[in-house]
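Only one structure is covered here, and it is reproduced in the block below.
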Amino acid sequence: MDSRDTLVGQLQKLKPDLQREFGVREIGLFGSFARNQQNADSDVDLLVEFEPGASLLELVGLGQFLESRLLRRVDLVTRRALRDEMRARVLEEAAPV
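First residue of the sequence shown: 16, per my numbering; consecutive thereafter.
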């Protein structure tokens, strides 16, 4: 099972590709990995911000790319798409990558 630090290291190595290929500006890790409570079945929860003009295609492509590299299910959300009942918790918990 991957540790939080291992996952963050993987994401940091991928970050230049994510910026270039998908227009990612910022990535924040939240959820079980951010809290160091992950298990073998945990997905990776990421708060992402894109450069202006990014579309749903970038979001979908980014998710597929990350799942193929991390070998885990990845859930992506943007600040704008955060539901009100989750917003405060996610924004407080999200650790920059």
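Cβ coordinates follow ideal geometry from the N, Cα and C atoms, glycine included.
Residue state for Leu81 is assigned as helix, using DSSP reduced to three classes. Judged by their CB atoms, Arg94 and Glu64 are nearer to each other than the 8 angstroms cut-off. For the pair Val75 and Leu85, the Cα-to-Cα distance works out to about 15 angstroms. When only Cα atoms are considered, Leu97 and Glu41 end up about 15 angstroms apart. Beta-bridge analysis with DSSP links Val92 to Leu62.
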